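Chains as they are written, first to last, in the working numbering: chain A, 287 to 533; chain B, -14 to 240.
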């Protein structure tokens, strides 16, 4: 995007620039988070809920360094995805044919979802802090971490349903998002929703290490960030051109 | 303050009608503002004097010593964190007034929302979880010693080691200040906020180190971060005050 020289100092230009900064935090920190994901020794394959307390304790004492590296990275960089979701909020607030109710609900849902992730991360790190504590307690921390990480998908489901609704309600002559983004958001919500079953299932595809609860859930989240990065880049470019900020 | 008043001519015309000098800025914003220093004073008293979380007790102690910590400070933990869970809404007010002034900047709302969101995330792992862990520990002090040790670790690691929520907030704050043309806050406050990010990064080793400068009670991981936070917070309070003073009384409400 090329910012016009005569628009350089205008508030509407700063509005575009701060959104661009927020947008680009997603690929930068996305790569960092991908490295953290690949580095966690308990994701390939994801740790089974069947493991005994001794096995879990041995996992934490055998892989302490990599668990710490991965989870500290998630701790420090995970919330850096939040500005990216706030760009979605700002764009939802640009929708001309509706109140901003979906946008504000999206914002609060994003905060709830990210809070749970930050919480799960602390449980992993506490388990790895003293892996020599009683195996029963290491397993308790590990169970809490997995339970809070995988099962409470409600916030992200709500965010995507709200985004989908907002796109469908945005039916004026100049919609912010293309209509397929609405279907895609609803689809993402549907793909992620079954992971809530990880709260009760201990085996099979719905358990926290299952194909649905782990791979479909996390894959759908990662894909959503990638797809929406491209979508938002185009949306921002169009906003900048419409407002006479860029060409 | 008097110079700001005289600068706003339309306002002083109104003053002449009433015959008394009103304070610059909006009354409701002033009311909210005074909650901020009051809340952080109470916060300091609770965390330093009562709950004994600051400076944090040592990580390199035996299970017995952790249990002893809860026995020795049970009463003050109950008083301190019992009050905290009542007044913790002050943190929401403190974040809210910053978001309000960020929204008055000429940079759009995205950074204000990012600040709002990440500070709200920090409220649970970065502030309240240690209170829940310590309150639960002293609620039944006769509990299994290993369980008490777990609550000790979980509470202190979450309090000192919740990093990303605050780095994101400081990042959003700094970017907003640097792009703002309304000069709501001075530019150098953005660089102090960048130092806040540095202190969060320097606290990373608390998850690894059990003694020395990088442990959760260490000179770098804890003390340096706390001193810079104290400086940053004092600056924010002073400049919130100045932002209030400079705000015209007739500025329309935010959308």
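Even glycine gets a Cβ: it sits at the ideal position worked out from N, Cα and C. Since the structure is predicted, the reported quantities are computational estimates derived from the model, not experimental observations.
Option nearest residue i by Cα separation, candidates the options
| i | options | result |
| --- | --- | --- |
| residue 63/B | 32/B, 83/B, 111/B, 123/B | 123/B |
| residue 424/A | 291/A, 341/A, 302/A | 341/A |
| residue 450/A | 392/A, 492/A, 396/A, 484/A | 392/A |
| residue 389/A | 460/A, 445/A, 433/A | 445/A |
| residue 238/B | 162/B, 108/B, 215/B, 85/B | 85/B |
| residue 217/B | 184/B, 193/B, 197/B | 184/B |
| residue 332/A | 418/A, 433/A, 473/A | 433/A |
| residue 514/A | 413/A, 492/A, 352/A, 310/A | 310/A |
| residue 207/B | 176/B, 40/B, 31/B | 40/B |
| residue 153/B | 371/A, 293/A, 476/A | 371/A |
| residue 104/B | 129/B, 157/B, 180/B | 157/B |
| residue 45/B | 112/B, 138/B, 57/B, 118/B | 138/B |
| residue 525/A | 335/A, 430/A, 355/A, 376/A | 376/A |
| residue 55/B | 193/B, 20/B, 129/B | 129/B |
| residue 462/A | 357/A, 384/A, 345/A, 334/A | 384/A |
| residue 379/A | 98/B, 151/B, 50/B, 181/B | 98/B |
| residue 214/B | 176/B, 13/B, 116/B | 176/B |
| residue 108/B | 134/B, 136/B, 143/B, 87/B | 143/B |
| residue 30/B | 69/B, 43/B, 49/B | 69/B |
| residue 473/A | 496/A, 431/A, 438/A, 448/A | 448/A |
| residue 197/B | 178/B, 43/B, 113/B | 43/B |
| residue 87/B | 61/B, 171/B, 47/B, 58/B | 171/B |
| residue 499/A | 287/A, 458/A, 334/A | 334/A |
| residue 511/A | 329/A, 374/A, 291/A | 374/A |
| residue 17/B | 51/B, 53/B, 80/B, 57/B | 80/B |
| residue 481/A | 523/A, 520/A, 437/A | 437/A |
| residue 226/B | 82/B, 112/B, 205/B, 61/B | 82/B |
| residue 459/A | 381/A, 466/A, 361/A, 469/A | 381/A |
| residue 71/B | 116/B, 223/B, 195/B | 116/B |
| residue 362/A | 204/B, 220/B, 155/B | 155/B |
| residue 58/B | 126/B, 235/B, 147/B | 126/B |
| residue 163/B | 521/A, 297/A, 404/A, 475/A | 297/A |
| residue 301/A | 19/B, 160/B, 119/B, 195/B | 160/B |
| residue 201/B | 135/B, 224/B, 146/B, 180/B | 146/B |
According to DSSP, residues forming a beta bridge with residue i
| i | result |
| --- | --- |
| residue 289/A | 532/A |
| residue 329/A | 332/A |
task: Write down every uninterrupted run of the beta strand (DSSP E) in the stretch 383 to 425 of chain A whose length is 3 residues or greater and which is fully enclosed by it, in chain order.
output: Fully enclosed beta strand (DSSP E) runs of 3 or longer: not present.
- request: Could you name the residues of the stretch 184 to 196 of chain B whose beta carbon sits closer than 8 angstroms to any beta carbon of chain A, in the order they occur along the chain?
  value: Hits within the stretch, in order: 185, 186, 189, 192, 193.
message: Check whether the stretch 64 to 77 of chain B and the stretch 23 to 36 of chain B touch, using three or more Cβ-Cβ pairs below 8 angstroms as the test.
response: yes
query: Is there contact between the stretch 161 to 172 of chain B and the stretch 77 to 97 of chain B, where contact requires at least three CB pairs shorter than 8 angstroms?
result: yes
task: Inspect the CB distances between the stretch 187 to 198 of chain B and the stretch 389 to 407 of chain A and report whether three or more fall short of 8 angstroms.
output: no
message: For the stretch 394 to 405 of chain A, list every residue whose C-beta sits within 8 angstroms of some C-beta in chain B, in sequence order.
response: 396, 397, 400, 401, 404, 405
task: Kindly confirm or deny that the stretch 316 to 323 of chain A and the stretch 357 to 367 of chain A touch, where touching means at least three C-beta pairs closer than 8 angstroms.
output: yes
message: Which runs of the beta strand (DSSP E) at least 3 residues long sit entirely within the stretch 46 to 123 of chain B? Give them in chain order.
response: Correct list: empty.
query: If you pair each beta-carbon of the stretch 64 to 72 of chain B with each one of the stretch 27 to 35 of chain B, do three or more pairs fall below 8 angstroms?
result: Yes, the stretch 64 to 72 of chain B touches the stretch 27 to 35 of chain B.
query: Residue ranges of each beta strand (DSSP E) run of no fewer than 3 residues wholly in the stretch 462 to 517 of chain A, ordered along the chain?
result: none
message: Three Cβ pairs or more, each shorter than 8 angstroms: is that satisfied between the stretch 452 to 466 of chain A and the stretch 426 to 442 of chain A?
response: no
- request: Scan the stretch 309 to 379 of chain A and note each continuous alpha helix (DSSP H) run of 4 residues or more that stays entirely inside, going in chain order.
  value: Taking only runs of at least 4 residues, the alpha helix (DSSP H) segments lying wholly in the stretch 309 to 379 of chain A are 339 to 348, 350 to 363, 368 to 378.
query: If you scan the stretch 7 to 32 of chain B from start to end, which runs of the alpha helix (DSSP H) of 4 or more residues do you find wholly inside it?
result: 12 to 29
task: For the stretch 65 to 81 of chain B, enumerate the residues whose C-beta is nearer than 9 angstroms to any C-beta of chain A, in chain order.
output: none
query: Of all the residues that make up the stretch 128 to 147 of chain B, which are near chain A by a beta-carbon distance shorter than 8 angstroms?
result: 131, 132, 134, 135, 138, 139, 142, 143, 146, 147
query: At a Cβ cut of 8 angstroms, what residues of the stretch 438 to 463 of chain A count as close to chain B, listed as they run along the chain?
result: none
task: Name, going along the chain, the residues of the stretch 102 to 114 of chain B whose beta-carbon falls closer than 9 angstroms to a beta-carbon of chain A.
output: Those would be 102, 103, 105, 106, 107, 108, 109, 110, 111, 114, in chain order.
Touching by the beta-carbon criterion (3+ pairs, under 8 angstroms), the stretch 341 to 350 of chain A and the stretch 411 to 418 of chain A: In short, these stretches touch, since the Cβ pair count reaches three.
- request: Please determine if the stretch 293 to 311 of chain A and the stretch 498 to 508 of chain A are in contact, where contact requires at least 3 C-beta pairs separated by less than 8 angstroms.
  value: no
task: Enumerate, from N- to C-terminal direction, the unbroken alpha helix (DSSP H) stretches of 4 or more residues contained entirely within the stretch 160 to 218 of chain B.
output: 172 to 187
task: Closer than 7 angstroms, Cβ to Cβ, to anything on chain B: give me those residues from the stretch 346 to 372 of chain A, in chain order.
output: 354, 358, 361, 362, 363, 364, 365, 366, 368, 369, 372
message: As an exercise, report each continuous alpha helix (DSSP H) stretch of at least 4 residues that is fully enclosed by the stretch 426 to 463 of chain A, in chain order.
response: If you keep only unbroken alpha helix (DSSP H) runs of at least 4 residues inside the stretch 426 to 463 of chain A, you get 440 to 455.
query: Using a beta-carbon distance cut-off of less than 7 angstroms, what residues from the stretch 302 to 321 of chain A approach chain B?
result: Legend: CB atoms of the stretch 302 to 321 of chain A lying less than 7 angstroms from CB atoms of chain B belong to residues 303, 304, 305, 307, 308.
field: Contact list for the stretch 408 to 422 of chain A against chain B, Cβ threshold 9 angstroms
entry: 408, 409, 411, 412, 414, 415, 416, 419, 420, 422
- prompt: What residues in the stretch 88 to 99 of chain B bring their beta carbon closer than 7 angstroms to a beta carbon of chain A?
  reply: 91, 92, 93, 94, 95, 96, 98, 99
task: Could you run through the stretch 159 to 182 of chain B and flag, in chain order, every residue whose CB is less than 9 angstroms away from some CB of chain A?
output: Contacts with chain A (Cβ-Cβ distance below 9 angstroms) from the stretch 159 to 182 of chain B involve 160, 161, 164, 165, 166, 167, listed in chain order.
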